[in-house]
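Input: a single structure, listed below in structure tokens.
In my numbering, the protein residues as written are 1 to 321.
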């Protein structure tokens, strides 16, 4: 069995090598990068990202990041491009080619075909003397001293550098376009991420019952209301206005305080000035408020109208937490 310390040592060494390589990219950034971003920003077309081998996998990830941050992009495998998929590139599209060496046969074969179409070409390479670097309109240097692989063969550090450069491009475009969280939500409607960006309190309370009692309601009936509505709480109203809240905790405290509860009403055991939230508030903000106040429920309002209860279990079930 392998020694635990040895395993951790290898892992740490790998991360140190890769983190240093990525940090080194900062010093390699120059006007070429800025011009490349401006070229994409000013283009009426899409971004076509291509590569071969591991670079092709990185290219696919860059495409996914661009698409999710508001820049239309398409992946084109370099090998497939020279065997019929070159038609993927349309007028006004900007092409990004990834190749650590910049001299792979597929990349070298693809270069003149892209130039014939008068498409702007952005090269991402670790070899500034390569064919890709010499023929690209803009060259982004992703030079790394060595791969994390002890044999300096398996693409590891170099692909991390390519990935990071792609992220830098995407985030520059995102900020320059003023791409907001609401825009982001349009591209991520599914899953927990999407819900954090678009799910509102109104979307939750509509599925819950709406517990409420009058301020003069007998305690027994208050308990029944809390039990039947299954939210562990009820709003306390006085002439249509919220005056308090009764929770399971309030009921327990009452039982420990009073021997005879027959004459008690909601007014006697309620908590005044309960925490409320507007139905248009994002559910993620409701969660933050619940956590800050160390409570389990919030009373939701649509203007001055009581709309219902949002419970922390609702947020858990929605995958927000």
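Every residue gets a Cβ at the ideal spot worked out from N, C-alpha and C, and that includes glycine.
Rounded straight-line distance, which links the Cα of residue j to that of residue i
i           : j           : result
residue 86  : residue 203 : 46 Å
residue 316 : residue 228 : 21 Å
residue 308 : residue 299 : 6 Å
residue 11  : residue 141 : 26 Å
residue 235 : residue 162 : 56 Å
residue 266 : residue 273 : 14 Å
residue 38  : residue 283 : 37 Å
residue 325 : residue 259 : Nothing can be reported for residue 325: it is not among the residues displayed for the chain, which extend from 1 to 321.
residue 158 : residue 98  : 11 Å
residue 220 : residue 207 : 26 Å
residue 164 : residue 36  : 15 Å
residue 154 : residue 21  : 15 Å
residue 44  : residue 71  : 11 Å
residue 149 : residue 302 : 59 Å
residue 252 : residue 224 : 14 Å
residue 32  : residue 123 : 10 Å
residue 66  : residue 290 : 35 Å
residue 198 : residue 176 : 23 Å
Beta-carbon proximity of residue i to residue j, cut-off 8 Å
i           : j           : result
residue 232 : residue 217 : no
residue 78  : residue 106 : yes
residue 173 : residue 40  : yes
residue 213 : residue 279 : no
residue 139 : residue 131 : no
residue 121 : residue 136 : yes
residue 89  : residue 48  : yes
residue 76  : residue 101 : no
Residue environment, residue i, which counts as buried when at least 16 other CB atoms sit within 10 Å
i           : result
residue 151 : exposed
residue 288 : exposed
residue 147 : buried
residue 118 : exposed
residue 313 : exposed
Enclosing beta strand (DSSP E) for residue i [first to last residue]
i           : result
residue 48  : 47-51
residue 297 : 297-302
residue 201 : Premise fails: residue 201 lies in the alpha helix (DSSP H), 201-205, not in any beta strand (DSSP E).
residue 309 : 305-311
Limits of the unbroken alpha helix (DSSP H) element including residue i
i           : result
residue 223 : 219-229
residue 27  : 4-28
| request: At 4 residues or longer, and completely inside the stretch 129-163: list those alpha helix (DSSP H) runs for me, N to C. | output: 131-135
| field | Length-filtered (3 minimum) beta strand (DSSP E) runs lying within the stretch 238-265 | value | 241-247
| request: Please list the segments of the beta strand (DSSP E) lying wholly inside the stretch 67-112, counting only runs of 3 or more residues, in order along the chain. | output: 73-77, 94-98
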